[in-house]
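What follows is a set of notes on a single structure, which appears directly below.
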Amino acid sequence: MTAVPFSGGWIEVVAGVMFSGKSEELMRRVRRAVIARKRVQVFKSHLDSRYAGLFAVSSHDGRSVDAIPVDSSAQIAQRIDPTAQVIAVDEAQFLDDGIVAVATSLAQRGRRVILAGLDTDFRGEPFGPMPQLMAIAETVDKLSAICVLCGAPATRTQRLIDGQPAAWNSPTIMVGGREAYEARCRACHVVRPADEGQLMLGTSDER
Ligand code: ADP
Ligand code: ZN
Numbered sequence: 212m213t214a215v216p217f218s219g220g221w222i223e224v225v226a227g228v229m230f231s232g233k234s235e236e237l238m239r240r241v242r243r244a245v246i247a248r249k250r251v252q253v254f255k256s257h258l259d260s261r262y263a264g265l266f267a268v269s270s271h272d273g274r275s276v277d278a279i280p281v282d283s284s285a286q287i288a289q290r291i292d293p294t295a296q297v298i299a300v301d302e303a304q305f306l307d308d309g310i311v312a313v314a315t316s317l318a319q320r321g322r323r324v325i326l327a328g329l330d331t332d333f334r335g336e337p338f339g340p341m342p343q344l345m346a347i348a349e350t351v352d353k354l355s356a357i358c359v360l361c362g363a364p365a366t367r368t369q370r371l372i373d374g375q376p377a378a379w380n381s382p383t384i385m386v387g388g389r390e391a392y393e394a395r396c397r398a399c400h401v402v403r404p405a406d407e408g409q410l411m412l413g414t415s416d417e418r
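In my numbering, the protein residues as written are 212 to 418.
Written as structure tokens, this is what we have:
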């Protein structure tokens, strides 16, 4: 998590379980880039309009950066400010695989690209484009949280539906809002076997 001594552009990934401090770390890096008088753009995927403006970083000289809500890598490409020197993306796991080419192209053109996201889904499996992003990045910081059951370092995101561990075949991205999430270690993480005939909700990546 030190400053990166690369010249030209590069890609940094901040990965980890829910509650591991990825957003805090992204915000810290953005704040320092603002202090360094870099032109910074922040994007946040899957951002409900209710949360717009939640991510706002201000510097002491009054400059501030708001997160731009996006649903796809194409929207990021369209909305890039050509003068931005630092491009930060939060919740990168929700983006399509096109984010790999967008991040690569920005780095090739001399930009510092910072991407934060969940490395694994509620099943403990690689989430969206995060594996590819972690592979092509110059630096990867994998953060852990604290397991709410045993206090060990937490590396898994536990999904609970009505207080019970979610089944394997529940959708990767839920639309209902009945679910809750906890940080847990590998030993305390529970995925119920797939429910037979469960009504699938939501997204295209259901199993
Ligand atoms: P992320 O973006 O990785 O989900 P955030 O940066 O939003 O994480 O939040 C991290 C903060 O969440 C921590 O600084 C801590 O205050 C709080 N927190 C809540 N639950 C936990 C937990 N189980 N383990 C660690 N931090 C937790
Ligand atoms: Zn545990």
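Each residue gets a CB set at the ideal place from its N, CA and C atoms; glycine is no exception.
Take G321, set aside five residues on each side of it, and the residues of its chain with a beta-carbon closer than 6 Å to its own are G219, G220, in chain order. Q296 carries a coil assignment under DSSP once its states are collapsed to helix, strand and coil. Under DSSP, V268 shares a beta bridge with V276. The DSSP-derived three-state label of E235 is helix. Relative to the ligand ZN, the beta carbon of G362 is positioned inside 8 Å of a heavy atom. Spatial neighbours of V324 in its own chain (CB-CB distance under 6 Å, excluding positions within 5 residues in sequence) are listed in chain order as I222, I298, A314, L317, A318. Pairwise C-beta distances place the stretch 343 to 357 out of contact with the stretch 241 to 255, as fewer than three of them are shorter than 8 Å. Listed in chain order, the beta strand (DSSP E) runs fully inside the stretch 316 to 360 are 323 to 329, 350 to 354, counting runs of at least 3 residues. Under the three-state reduction of DSSP, I291 is assigned to coil, being neither helix nor strand.
Non-local C-beta neighbours of P404 in its own chain, meaning closer than 8 Å and more than five positions away in sequence, comprise A378, W379, ordered along the chain. At least one heavy atom of the ligand ADP lies closer than 8 Å to the C-beta of E236.
As the crow flies, the alpha-carbon of V224 is around 37 Å from that of E407.
The alpha carbon of S275 has as its nearest neighbour, out of I384, M238, D332, the alpha carbon of M238.
According to the DSSP secondary-structure assignment, L306 is paired through a beta bridge with no residue. About 4 Å separates the Cβ atoms of F305 and S256, confirming a contact at the 8 Å cut-off. Rounded to the nearest angstrom, the gap between the Cα atoms of A346 and D330 is 12 Å. The straight-line gap separating the alpha-carbon atoms of I310 and G335 is approximately 22 Å.
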